[in-house]
Amino acid sequence: MYGSILGIKCINTFTNRVVKVFGKDEPFRALNLAIYQGQPQKKGVVTVSMAASANPLLQEAEERDPILACTGFAKVRFYLFTNEIEISKSTRDIQNEKPRHDRDAAQAAAAEKQAEMGTSAILHTTMGDIHLRLFPSVAPKAVENFVTHARNGYYNNTIFHRVIRKFMIQGGDPLGDGTGGESIWGGEFEDEFSSLKHDKPYTLSMANAGPNTNGSQFFITTEKTPWLDGHHTIFGRAVKGLDVVHRIENVKTHKEKPEVDVKIVSISVS
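Each residue of the sequence shown is one higher than the last, beginning at 1 in my numbering.
In structure tokens form, the structure reads like this:
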């Protein structure tokens, strides 16, 4: 037997002719062939009467059921072939988890990407610093958008244009009136909902004008806001400088806008 790009060829060494081909319909090149010549059931004591009888179970036990096993070039699976032809192709594949080294490599790549993206940030405001923990694993696009804008200085000298006591503080609009801002890709991007909930204050979420309309604006809650679940993408939480959040929350406002501008001077990402 020889592996080829057209399947596994069984060649009669006396006639030098191909007598059978296994796996000719498979998109692979076979490598590392092995045959199990086995007999699935052990032989017991067979009497003359048993041998003479038409016993299908005995006949099945006497039949050999060889199995051809092989690997494929650049494939992360192995293949088994038998002489059985009545096999459903729809259920023949057993999908298992990826090989360990592939999974580890994928996890390492994901961790490296998250580290490059950033997992924490500090809002340097005119009222003090607010430290944020970011969640790139559950909201990668929202975090990438926020971090890229921050590193590019997009948020520098913008204001918290909307402040509602016992609710939230909102910023990220370069126009400063709640109508501006766009994503790093231009326009808007889709929501990223996860198991995270607005079940505690200091939740960092994307502001939007409806489903899948995320741009650059964001807000930090100051209370539990469960009615926002499933409507706004959570991509972080404030973990330090919470007193600053409350000082901003309690400034005097006119129609939800602070009478005296509270600015985001810059944002540090790490």
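Here a beta-carbon is modelled for each residue, glycine too, at the ideal position from N, C-alpha and C.
Reduced DSSP secondary structure (H/G/I, E/B, other) of residue i
i	result
Asp129	strand
Phe14	coil
Lys141	helix
Arg162	strand
Thr225	coil
Arg151	helix
Phe146	helix
Met1	coil
Ser90	Unreliable placement is indicated for Ser90, whose pLDDT of 42 sits below 50; no coordinate value is reported for it.
Glu259	coil
Residue i: first and last residue of the uninterrupted alpha helix (DSSP H) it sits in
i	result
Ile248	Leu242 to Glu249
Phe218	That residue, Phe218, is in no alpha helix (DSSP H); its beta strand (DSSP E) goes Phe218 to Thr221.
Residue i, buried or exposed, once every other Cβ within 10 Å from all chains shown has been counted against 16
i	result
Ser205	buried
Ala69	exposed
Asp243	exposed
Tyr2	exposed
Val143	buried
Ser90	Low confidence applies to Ser90: its pLDDT is 42, below 50, so where it sits in the model is not reliable enough to give any reading.
Val239	exposed
Gly210	exposed
His232	buried
Phe22	buried
Tyr155	buried
Thr15	exposed
Val76	exposed
Ser88	Confidence is the limiting factor: at Ser88 the pLDDT is only 46, short of 50, which leaves the residue's position unreliable, though a coordinate-based value still follows. Exposed, because fewer than 16 other Cβ atoms sit within 10 Å of the Cβ of Ser88.
Leu80	exposed
Thr222	buried
Leu132	buried
Gly241	buried
Lys252	exposed
Val186	Residue 186 is actually Gly in this sequence, not Val. Gly186 comes out exposed.
Short Cβ contact (8 Å threshold) for residue i with residue j
i	j	result
Gly171	Thr158	yes
Asn250	Arg165	yes
Lys24	Leu6	yes
Ile130	Ser268	no
Lys235	Ala150	Correcting the residue identity first, residue 235 is Phe in this sequence and not Lys. For Phe235 and Ala150, no; Cβs fall outside 8 Å.
Ser183	Asn145	yes
Ile264	Thr148	no
Asp229	Lys200	no
Asp173	Ser216	yes
Ile8	Ala30	yes
Asn214	Phe189	yes
Phe160	Pro258	yes
Thr203	Arg247	no
Phe135	Met168	no
Asn32	Thr82	no
Gly118	Ser270	yes
Start-to-end residues for the beta strand (DSSP E) that takes in residue i
i	result
Lys20	Arg17 to Phe22
Lys263	Lys263 to Val269
Ile35	Ala30 to Tyr36
Ser205	Thr203 to Met206
Ile67	Ile67 to Gly72
Ile169	Met168 to Gly171
Phe81	Phe78 to Phe81
Cβ-heavy atom distance, residue i to the ligand MG, below 7 Å
i	result
Asn83	This structure lacks the ligand MG, and indeed carries no ligand of any kind.
CB contact below 8 Å: residue i versus chain C
i	result
His254	The question asks about chain C, but that chain is absent: this structure has only one protein chain.
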